[in-house]
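In the working numbering, the protein residues as written are 49 to 357. Every residue gets a Cβ at the ideal spot worked out from N, C-alpha and C, and that includes glycine. First the structure, in the form of structure tokens, and then the observations on it.
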Ligand SMILES: Cc1cc2nc3c(=O)[nH]c(=O)nc-3n(C[C@H](O)[C@H](O)[C@H](O)COP(=O)(O)OP(=O)(O)OC[C@H]3O[C@@H](n4cnc5c(N)ncnc54)[C@H](O)[C@@H]3O)c2cc1C
């Protein structure tokens with residue numbers, strides 16, 4: 049362990065024995081052998097080369113706001129970009145941001161500089177990289193509307209790919225099928241607008257979120273994808289599941305497409321609620337809900353393929 053720590057420290061700061069509880073918005077999950085914070089994109093590239101050569105498992109984490117990590121310990125390296133690769137700069141109306149930048153901080157910065165386009169993102173507790181990965185969105189806007197191109201690390205080469213090449217669609221992108229690619233930076237196209245108008249829009253969005261979402265509890269946002277032309281929350285409500293608890297987890301009373309960590313919930317508590325919801329909604333409405341939240345570090349036995357649910 050000590051020797052590997054020293055080796056990893058070549059590429060950046062290293063933490064030993066952290067927990068997914070401290071790295072995800074759900075505040076749930078097992079311990080992690082190593083967390084690495086690469087100094088920059090070049091040491092990140094070297095780090096990936098080292099891990100691949102030595103067959104050490106790794107995973108890039110943003111703010112962990114779309115992850116349900118299992119209660120098992122993770123024997124590998126979690127790579128985080130949010131401490132070091134979090135800079136951005138302007139080029140006229142273009143904003144170029146490193147992948148570890150907070151999308152909330154970026155949207156506030158854009159507003160302050162009279163640039164419109166990221167108002168929808170001002171309440172999403174995520175990194176820019178995570179938002180590109182998932183084509184995060186809200187209020188009928190999403191990353192597809194802002195991204196002009198993305199700088200990626202593909203194997204050991206750096207290259208830009210266009211918006212079209214990102215294959216953005218509802219909460220997905222080309223990165224879902226190319227798990228090896230790492231998003232390094234994003235170029236966003238924004239529009240000049242009066243700062244007070246942008247602020248007003250952001251304030252309205254914030255008010256709506258506070259009124260409709262259980263932000264006072266740890267969660268991972270929406271648990272299920274909305275099926276075609278339907279809202280997952282209304283199907284869950286129709287199945288009579290609003291407020292249902294299992295262990296320390298609960299289907300939120302305020303917004304029933306949120307599962308909240310009410311009291312020291314385990315990942316298994318949350319998963320039991322997910323499985324129950326899928327079964328009950330299918331029985332009641334004939335629709336199979338698919339998860340939006342990503343299950344990470346679960347043994348394949350415990351996480352059946354959605355189509356087999
Ligand atoms: C309170 C709350 C509200 C939310 N509201 C919304 C909402 O309105 N709209 C919405 O779309 N989502 C929402 N979410 C969900 C979540 O914020 C998004 O899915 C977001 O895109 C996840 O970003 P992240 O940085 O936290 O990524 P993580 O959850 O850390 O990671 C998600 C995936 O992205 C991958 N990834 C992250 N960074 C990189 C990178 N640089 N290169 C390659 N892969 C990478 C990870 O490996 C992982 O597979 C909400 C979540 C919470 C907790």
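Can you tell me the Cα-Cα spacing of residue i and residue j, whole angstroms?
{"i": "residue 170", "j": "residue 110", "result": "16 Å"}
{"i": "residue 346", "j": "residue 117", "result": "7 Å"}
{"i": "residue 314", "j": "residue 326", "result": "19 Å"}
{"i": "residue 53", "j": "residue 82", "result": "8 Å"}
{"i": "residue 59", "j": "residue 92", "result": "7 Å"}
{"i": "residue 208", "j": "residue 185", "result": "22 Å"}
{"i": "residue 247", "j": "residue 159", "result": "7 Å"}
{"i": "residue 197", "j": "residue 151", "result": "16 Å"}
{"i": "residue 275", "j": "residue 50", "result": "48 Å"}
{"i": "residue 357", "j": "residue 67", "result": "No answer about residue 357 holds up, because its pLDDT of 35 lies below 50 and its placement is not dependable."}
{"i": "residue 262", "j": "residue 307", "result": "9 Å"}
{"i": "residue 203", "j": "residue 301", "result": "45 Å"}
{"i": "residue 215", "j": "residue 221", "result": "5 Å"}
{"i": "residue 162", "j": "residue 155", "result": "11 Å"}
{"i": "residue 282", "j": "residue 167", "result": "26 Å"}
{"i": "residue 227", "j": "residue 256", "result": "34 Å"}
{"i": "residue 127", "j": "residue 279", "result": "34 Å"}
{"i": "residue 79", "j": "residue 120", "result": "7 Å"}
{"i": "residue 84", "j": "residue 112", "result": "15 Å"}
{"i": "residue 63", "j": "residue 148", "result": "18 Å"}
{"i": "residue 136", "j": "residue 145", "result": "4 Å"}
{"i": "residue 125", "j": "residue 331", "result": "41 Å"}
{"i": "residue 211", "j": "residue 193", "result": "9 Å"}
{"i": "residue 88", "j": "residue 129", "result": "9 Å"}
{"i": "residue 165", "j": "residue 94", "result": "35 Å"}
{"i": "residue 206", "j": "residue 225", "result": "18 Å"}
{"i": "residue 190", "j": "residue 77", "result": "29 Å"}
{"i": "residue 90", "j": "residue 107", "result": "17 Å"}
{"i": "residue 353", "j": "residue 338", "result": "The predicted model places residue 353 with a pLDDT of 47, which falls under 50 and marks its position as unreliable, so this point remains unresolved."}
{"i": "residue 303", "j": "residue 174", "result": "20 Å"}
{"i": "residue 289", "j": "residue 238", "result": "41 Å"}
Between which two residues does the alpha helix (DSSP H) containing residue i stretch?
{"i": "residue 207", "result": "No alpha helix (DSSP H) holds residue 207; the beta strand (DSSP E) holding it covers 205-210."}
{"i": "residue 270", "result": "From DSSP, residue 270 is part of no alpha helix (DSSP H); its letter is neither H nor E."}
{"i": "residue 98", "result": "89-101"}
{"i": "residue 54", "result": "50-56"}
{"i": "residue 283", "result": "280-286"}
{"i": "residue 115", "result": "Unbroken run through residue 115 is the beta strand (DSSP E), 115-117; no alpha helix (DSSP H)."}
{"i": "residue 177", "result": "176-182"}
If you measure from the CB of residue i, is any heavy atom of ligand 1 nearer than 6 Å?
{"i": "residue 388", "result": "A question about residue 388 goes unanswered here, because the residues of the chain that appear run from 49 up to 357."}
{"i": "residue 115", "result": "yes"}
{"i": "residue 179", "result": "yes"}
{"i": "residue 269", "result": "yes"}
{"i": "residue 182", "result": "yes"}
{"i": "residue 231", "result": "yes"}
{"i": "residue 358", "result": "This structure does not reach residue 358, given that the chain is present from 49 up to 357, and the question cannot be answered."}
{"i": "residue 109", "result": "yes"}
{"i": "residue 175", "result": "yes"}
{"i": "residue 144", "result": "no"}
{"i": "residue 73", "result": "yes"}
{"i": "residue 370", "result": "Outside the modelled stretch of the chain, which goes from 49 to 357, sits residue 370, for which no answer is possible."}
{"i": "residue 192", "result": "no"}
{"i": "residue 297", "result": "no"}
{"i": "residue 126", "result": "no"}
{"i": "residue 335", "result": "no"}
{"i": "residue 78", "result": "no"}
{"i": "residue 185", "result": "yes"}
{"i": "residue 288", "result": "no"}
{"i": "residue 172", "result": "yes"}
{"i": "residue 291", "result": "no"}
{"i": "residue 112", "result": "yes"}
The beta strand (DSSP E) with residue i in it runs from where to where?
{"i": "residue 142", "result": "142-146"}
{"i": "residue 248", "result": "Here residue 248 belongs to no beta strand (DSSP E); instead the alpha helix (DSSP H) covers 243-260."}
{"i": "residue 162", "result": "Unbroken run through residue 162: none, as it is neither H nor E."}
{"i": "residue 138", "result": "136-139"}
{"i": "residue 225", "result": "Where residue 225 is concerned, there is no enclosing beta strand (DSSP E), given that its DSSP letter is neither H nor E."}
{"i": "residue 81", "result": "79-86"}
{"i": "residue 193", "result": "Neither: residue 193 is in no beta strand (DSSP E) and is coded neither H nor E."}
{"i": "residue 127", "result": "122-128"}
{"i": "residue 61", "result": "60-67"}
{"i": "residue 188", "result": "No beta strand (DSSP E) contains residue 188, which DSSP labels as neither H nor E."}
Is residue i close to chain D? Criterion is C-beta to C-beta, closer than 7 Å.
{"i": "residue 244", "result": "The chain inventory of the structure shown lacks chain D, comprising one protein chain alone."}
Report the CB separation of residue i from residue j in whole angstroms; it is logged as a contact under 8 Å.
{"i": "residue 114", "j": "residue 178", "result": "7 Å"}
{"i": "residue 292", "j": "residue 299", "result": "5 Å"}
{"i": "residue 74", "j": "residue 267", "result": "6 Å"}
{"i": "residue 305", "j": "residue 284", "result": "6 Å"}
{"i": "residue 297", "j": "residue 329", "result": "In fact, because the Cβ distance is near 17 Å, the residues do not count as touching under 8 Å."}
{"i": "residue 200", "j": "residue 236", "result": "No, residue 200 and residue 236 are not in contact; Cβ-Cβ is about 16 Å, not under 8 Å."}
{"i": "residue 340", "j": "residue 271", "result": "6 Å"}
{"i": "residue 240", "j": "residue 102", "result": "Not confirmed; about 49 Å, so no contact."}
Could you tell me which uninterrupted beta strand (DSSP E) segments, each at least 3 residues in length, are contained entirely in the region 282-351, listed from first to last along the chain? 297-299, 307-309, 342-344
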